[in-house]
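Single-structure report; data block below.
Residue numbers (the working numbering): 11 to 337.
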């Protein structure tokens with residue numbers, strides 16, 4: 011059975027309405043929507059810092075910065091996440107099945123959060139290890155909290171968002187001055203930090219996925235780091251990516267394929283076109299839809315935060331219908 015889900019972000023500022031929409035349009039695999047329009051504390055980085063354990067953070071003119079103790083904006087991010095989980099608990103009373111939550115990964119955080127004295131965490135070997143371990147520890151508690159609130163969920167997925175990983179590995183993250191680039195992080199270190207986070211998720215009783223909508227991300231590294239699901243934009247895949255995804259499906263892992271535009275298109279695709287596109291992809295890989303369908307998920311190409319409310323709803327409807335066609 012092919013199912014549909016969302017990547018994570020959603021337009022607007024009304025969390026209650028967004029969650030109701032997701033629950034209604036994506037019944038087989040709903041997710042906790044993220045609404046960055048509510049402010050920086052609700053964005054991808056602020057949301058992950060709210061989950062992080064042991065380390066504090068505060069908001070500076072240049073963005074988020076690690077501190078000795080949580081600052082007022084860090085506390086606001088944690089409070090907002092708690093309020094959203096309260097709403098989730100209320101609206102999903104009696105719900106059973108599968109559910110997905112999202113969090114920014116260690117390399118996304120290292121590339122966007124500053125050290126206490128400035129410059130990105132990415133610039134310091136010890137700081138990036140400490141940040142990854144704090145995120146892993148925080149996720150243990152976060153997963154336990156979500157499980158307590160969703161007692162009927164038998165499959166909880168935690169999607170780790172790593173859109174900056176390709177830039178980290180390719181030495182493309184700019185320094186604070188903007189005139190230089192941070193040194194590349196070698197794949198073994200990148201894999202180790204990601205593995206700490208993915209292992210923490212698995213040990214807490216959830217299924218670890220990794221999402222990336224950036225080209226050049228080594229998908230095999232995600233699998234060897236412990237990802238049991240890989241979420242990608244179909245339009246950005248290389249020949250090596252196709253091979254890695256075929257191996258993932260054949261090996262029993264999940265592939266979430268981004269097929270619906272995340273921004274309002276000039277001409278919207280039909281559900282028939284989406285269905286045929288996925289079937290052509292499977293045929294190219296030599297995979298039988300009836301054999302891998304239970305491990306195949308279709309999504310938008312990335313988050314829907316930049317879409318109009320009308321397109322965001324229409325895109326979810328298209329995904330649900332196309333998934334039914336494929337099934």
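The C-beta atom is built at its ideal place from N, Cα and C for all residues, glycine as well.
Keep in mind that this is a model prediction, so the values were computed, not measured.
Tell me whether the beta-carbon of residue i lies closer than 8 Å to the beta-carbon of residue j.
i	j	result
residue 32	residue 115	no
residue 48	residue 23	yes
residue 314	residue 21	yes
residue 269	residue 297	no
residue 51	residue 66	no
residue 42	residue 112	yes
residue 45	residue 25	yes
residue 145	residue 62	yes
residue 180	residue 226	yes
residue 215	residue 273	no
residue 312	residue 17	yes
residue 81	residue 68	yes
residue 242	residue 14	no
residue 132	residue 183	yes
residue 129	residue 185	yes
residue 91	residue 60	yes
residue 118	residue 174	yes
residue 229	residue 288	no
Have a look at the options and flag the residue whose alpha-carbon is nearest the alpha-carbon of residue i.
i	options	result
residue 135	303, 203 and 229	203
residue 150	213, 45, 254 and 112	213
residue 200	91, 113 and 141	141
residue 320	300, 289 and 278	278
residue 94	302, 175, 159 and 11	159
residue 361	164, 241 and 309	One cannot answer for residue 361 here, as it falls past the ends of the chain, which runs 11 to 337.
residue 104	162, 86 and 82	162
residue 106	129, 79, 91 and 157	157
residue 257	246, 272 and 240	240
residue 28	178, 337, 318 and 153	318
residue 280	324, 299 and 301	324
residue 72	79, 187, 89 and 109	187
residue 304	334, 295, 88 and 275	334
What does residue i pair with, by DSSP beta-bridge criteria?
i	result
residue 166	109
residue 93	DSSP lists no partner for residue 93.
residue 221	171 and 241
residue 70	73
residue 44	19
residue 178	Residue 178 pairs with nothing; no bridge assigned.
residue 270	310
residue 130	124
residue 198	DSSP output for residue 198 lists no bridge partner at all.
residue 319	Bridge partners of residue 319: none, in fact.
residue 265	240 and 306
Looking at the structure shown, is residue i part of a helix, part of a strand, or coil, going by DSSP?
i	result
residue 59	helix
residue 76	strand
residue 19	strand
residue 154	helix
residue 36	coil
residue 247	coil
residue 191	strand
residue 31	helix
residue 14	strand
residue 260	helix
residue 276	coil
residue 160	coil
residue 114	strand
residue 184	strand
residue 146	helix
residue 328	helix
residue 64	coil
residue 52	helix
residue 300	helix
residue 210	helix
Determine whether the Cβ of residue i lies closer than 8 Å to any Cβ atom of chain C.
i	result
residue 257	The chain inventory of the structure shown lacks chain C, comprising one protein chain alone.
Taking one C-beta from the stretch 118-125 and one from the stretch 91-102 each time, how about it: are there three or more such pairs within less than 8 Å?
No, they do not touch.
Taking three-plus beta-carbon pairs below 8 Å as touching, is the stretch 261-277 in contact with the stretch 219-238?
Look at the beta carbons and you see the stretch 261-277 touching the stretch 219-238: at least three pairs across the two are nearer than 8 Å.
Is the stretch 278-285 close to the stretch 324-334, with three or more CB pairs under 8 Å?
yes
Does the structure place the stretch 221-230 close enough to the stretch 170-177 that three or more beta carbon pairs sit under 8 Å?
yes
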